[in-house]
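Student: Residue numbers (the working numbering), protein chains in the order written: chain C, 596 to 749; chain H, 596 to 749.
Glycine included, C-beta positions come from ideal geometry on N, C-alpha and C.
2 protein chains.
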Amino acid sequence: MREKRCGRGAWWQDRFQDMGARITAPREVVLDILHETDDHVSATDVYVKAHEINPTIGLTTVYRTLDMLTQMGIVQKFDFGDGKSRYELVNNPDGKKHHHHLICLRCKTILDYTEFLDDELEFIGKTQNRLSKKYNFNITDHAISFYGFCEQCK
Amino acid sequence: MREKRCGRGAWWQDRFQDMGARITAPREVVLDILHETDDHVSATDVYVKAHEINPTIGLTTVYRTLDMLTQMGIVQKFDFGDGKSRYELVNNPDGKKHHHHLICLRCKTILDYTEFLDDELEFIGKTQNRLSKKYNFNITDHAISFYGFCEQCK
DNA sequence: TATTTATTGAAAATGATTTTCATTATTAAA
DNA sequence: TTTAATAATGAAAATCATTTTCAATAAATA
């Protein structure tokens, strides 16, 4: 087993309560794994790690949990074009800060960058406000990706 | 058959020449279809239309052509999380202007928006310059998506 | 405690995308 | 031109991520 959540419960557990979703062992394991990871992980990545911790956890449940977390806005789902989805905590207290992506169209390499967040914040904030109003959308997250060719491929 | 390219060749044909790629009937049909479409189409969408025009064109070739065009930067490939990739011309002279996406996490609806392009242009241009320099990347395109819940789903 | 409801995992089904391979069309060379 | 090399094609088979089905289990509620 692994150490339990600290104190009265992790930040995400309240969200579960609100949704009437149960806090189960498999779900805790998935959340723990996401907290420990800096990378964008695939469902299989999560499954493999989960399986090491608790071999009874099935791939289906991993998919279901990841999907649920995505819909709750706790996890962000990415598709970089290599056929499998990647998942990442939106708010990882210990982990990597919010970042954007630079994707090579030939070799599919993904570079995370965190620079220029100040300029970005300004732009995103403004746009987000305008969009939510205009389209009556409750915006919870965003993604910015640049495409092109990396040093090796250009 | 359908009308041939006007004059000495469409803009994309030069790109083909440069790459040593042949301008074949199936490829012309795929390009034509993309030009006629405003939507983000799936490979199957393209295949169905291509098939109406020329029933000998196979799905495999559609995939291959789309992939090739993506790598050439002529087409942009999107994944919105519904399991199939979408493709769209980057420069569609007659078609829709460059736009960004507003995606509902529950019902998966995709809204295109084109507002606020002036602010965006400024932000994107600046960031793009900085990134190309810093990471020695040849940036050809970008994508911005906002996630959240639409009117019905929130 | 009994009963309803949510969650789970295994196995099967689905469905998009890739690979294989033999054939055909195109270009380059002789 | 004719020929040799190469690129492109399509059908069928193979892959592989993701979903669905369904019976079993666990948790919440009456």
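(1) Where do the ends of the beta strand (DSSP E) carrying H:L697 lie?
(2) Is any beta-carbon of chain H found at less than 8 Å from that of C:Q608?
(3) Expressed to the nearest angstrom, what Euclidean distance is found between the alpha-carbon atoms of H:A645 and H:D707?
(4) Rounded to whole angstroms, how far is the Cβ of C:G676 from the Cβ of H:K672, which I believe are closer than 8 Å?
(5) For C:G743 and C:I719, what's the separation of their Cα atoms in angstroms?
(6) Given a cut-off of 8 Å on the beta-carbon distance, is the pair H:G668 and C:L700 in contact?
(7) In chain order, what residues of the same chain have a beta carbon less than 7 Å from the beta carbon of C:L726, not counting five sequence neighbours either side?
(8) Whose C-beta lies closer than 6 Å to the C-beta of H:R622 among residues of the same chain, with five residues either side of it excluded?
(9) Cβ of H:L716 within 8 Å of Cβ of H:V670?
(10) Taking DSSP as the reference, what is the three-state secondary structure of H:R617?
(11) Start and end of the alpha helix (DSSP H) containing C:F723?
(12) So, helix, strand or coil for C:K644, using DSSP?
(13) Spell out whether any CB of chain C is found under 8 Å from the CB atom of H:G743.
(14) Which residue from C:R681, C:D609, C:W607, C:H693 puts its Cα closest to that of C:Y642?
(15) Expressed to the nearest angstrom, what Euclidean distance is found between the alpha-carbon atoms of C:D627 and C:E710?
(16) Please check if any C-beta of chain C sits within less than 8 Å of the C-beta of H:N731.
(17) Comparing the CB of H:C745 with every heavy atom of the ligand NAP, is any distance shorter than 7 Å?
(18) So, using beta-carbon positions, are H:F741 and H:L697 closer together than 8 Å?
(19) CA-CA distance, H:T656 and H:T665?
(20) To the nearest angstrom, how far is the alpha carbon of C:A638 from that of C:L684?
(21) Indicate whether at least one CB of chain C lies closer than 8 Å to the CB of H:H737.
(22) According to DSSP, H:A738 sits in a beta bridge with which residue or residues?
(23) Skipping 5 residues on each side, what residues in its chain have a beta carbon closer than 8 Å to that of H:H737?
(24) State the beta-bridge partners of C:R610 as determined by DSSP.
(25) Identify each residue in the region 679 to 707 of chain H for which the Cβ-Cβ distance to at least one residue of chain C is less than 9 Å, and report them in chain order.
(26) Within 10 angstroms of its Cβ, does H:W606 collect 16 or more other Cβ (buried), or is it exposed?
(27) Within 8 Å of any Cβ in chain C, is that where the Cβ of H:R659 sits?
(28) Anything in chain C within Cβ reach of H:Q612, meaning under 9 Å, just list it in chain order.
(29) Give the interface partners of H:D713 over in chain C, defined as CB-CB distance under 9 Å, in chain order.
(30) DSSP three-state label for C:Q666, please.
Tutor: Straight from the coordinates:
(1) 695 to 699
(2) no
(3) 25 Å
(4) 6 Å
(5) 22 Å
(6) yes
(7) F732, I734
(8) T660
(9) no
(10) coil
(11) The amino acid occupying residue 723 of chain C in the given sequence is Gln; Phe does not appear at that position. From DSSP, the alpha helix (DSSP H) with C:Q723 extends over 712 to 730.
(12) helix
(13) yes
(14) C:R681
(15) 28 Å
(16) yes
(17) Looking at this structure, you won't find the ligand NAP or any other ligand, since it has none at all.
(18) yes
(19) 14 Å
(20) 13 Å
(21) yes
(22) C:S740
(23) I719, Q723
(24) Paired residues: none, contrary to the question.
(25) S680, H695, L697, C699, L700, R701, L706
(26) exposed
(27) no
(28) Those within 9 Å of H:Q612 in chain C number zero; the least Cβ separation is about 19 Å.
(29) What H:D713 touches in chain C: nothing, since even the nearest Cβ is about 11 Å away.
(30) helix
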